[in-house]
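Counting in our numbering, the sequence shown runs from 1299 upward without gaps. Note that CB positions come from ideal geometry on N, CA and C, so glycine has one too. Remember, it's a predicted structure, so these values are computed and weren't measured experimentally. First comes the structure, then the notes that go with it.
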Amino acid sequence: MVKRKVANPLAFAVLGSLAERPMHPYEISTMLKSRGKDLSIKLNYGSLYSVVAALEKHGFIEAVETLRDGNRPERTVYDITEAGRLEFQDWLTELLGTPEKEFSQLEAGLAYLPAFPPDRVVELLDQRITALEAEIAEVEGAHASMEAIKFPRVFWVESELRLALLKTQADFVRQLAKEIRSDELEGSVFWRKGYELVETLGIKPADLFKDPVKYFGEEFTWMQAMPPEVGAPEPKPEPK
């Protein structure tokens, strides 16, 4: 990934907006919202001015005039420079052609799934499914409205990606909740029993990994083959 002088994704949206025509920051914000681009790029009105200032500092945009409307504060109109056009084109090339690891909150939560008991996890996953289904219905409704007025898909194709990702996530979470609920998820029996041992008997999780056969039976000997960095940490030797 290219290290950019102004890396905030909002800067990309500002450059793309000014590539159409000169505007002042408030116009840019209004246009992005009216086109639904704020659903794809986080739009914070306070940070917009900081981004505009940074783009001007690095020569990607330039002030072309100052407007005053009655008693309202002056508004500076900006235009994109040739350097800004090249930056925008290079950035768009990277965004479309180069996959990037995106750290999702759901993925982070799944990484620590066993920290909650299975029944609680199922409850939370069901809660997420309900929220996802509502969001899917909202996006589908927006798509139907745009199709009704024959608004070309090329201008809202990013929303189709959003819908596809929402549906994929909903399907995954729905299946995961089903497998946890029925103990079909591999390791769920260990998870459920392990949590009960920790909560009811006060056994430390590290002790479960030290002697899994004692607590879980012969079918859990696989735990003894796990490297220390995967399971519980190995005890440090006593100082001599």
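For residue i, name the three-state secondary structure that DSSP assigns.
i	result
residue 1533	Only weak support is given to the placement of residue 1533: the predicted model assigns it a pLDDT of 41, under 50, and the value that follows is read from those uncertain coordinates. Three-state DSSP puts residue 1533 in coil, outside helix and strand.
residue 1317	coil
residue 1311	helix
residue 1441	helix
residue 1454	coil
residue 1358	coil
residue 1396	coil
residue 1447	coil
residue 1483	coil
residue 1501	coil
residue 1282	Absent from the structure is residue 1282, since the part of the chain shown begins at 1299 and ends at 1538.
residue 1402	coil
residue 1507	helix
residue 1410	coil
residue 1415	coil
residue 1368	coil
residue 1496	helix
Classify residue i: buried if its beta carbon has 16 or more other beta carbons within 10 angstroms, exposed otherwise.
i	result
residue 1304	buried
residue 1353	buried
residue 1385	buried
residue 1480	exposed
residue 1455	exposed
residue 1492	buried
residue 1499	exposed
residue 1510	buried
residue 1423	buried
residue 1316	buried
residue 1323	buried
residue 1404	exposed
residue 1459	exposed
residue 1536	Low per-residue confidence applies at residue 1536: pLDDT is 48, beneath 50, and the placement is therefore not dependable enough to give any value.
residue 1359	buried
residue 1296	Not covered by the structure: residue 1296. The range shown for the chain is 1299 to 1538.
Are residue i and residue j close, meaning C-beta to C-beta below 7 angstroms?
i	j	result
residue 1362	residue 1312	no
residue 1420	residue 1462	no
residue 1327	residue 1347	no
residue 1371	residue 1339	no
residue 1430	residue 1394	no
residue 1472	residue 1427	yes
residue 1416	residue 1478	yes
residue 1330	residue 1341	yes
In terms of DSSP beta bridges, what is residue i paired with?
i	result
residue 1375	1363
Candidates the options: which alpha carbon is nearest residue i's?
i	options	result
residue 1351	1375, 1337, 1332	1375
residue 1442	1338, 1428, 1429, 1457	1457
residue 1382	1459, 1364, 1449, 1319	1319
residue 1411	1485, 1341, 1506, 1400	1485
residue 1321	1339, 1467, 1345, 1378	1378
residue 1387	1310, 1333, 1445, 1430	1310
residue 1440	1333, 1329, 1314	1333
residue 1398	1368, 1444, 1300, 1508	1300
residue 1483	1470, 1345, 1365	1470
residue 1325	1406, 1507, 1373, 1391	1373
residue 1392	1302, 1512, 1502, 1506	1302
residue 1356	1402, 1467, 1418, 1380	1380
residue 1408	1345, 1467, 1488, 1335	1467
Compute the minimum distance between the beta carbon of residue i and the heavy atoms of the ligand NAD, and state whether it is under 6 angstroms.
i	result
residue 1362	Summarising the ligand content, the structure contains no ligands, and the ligand NAD is consequently not present.
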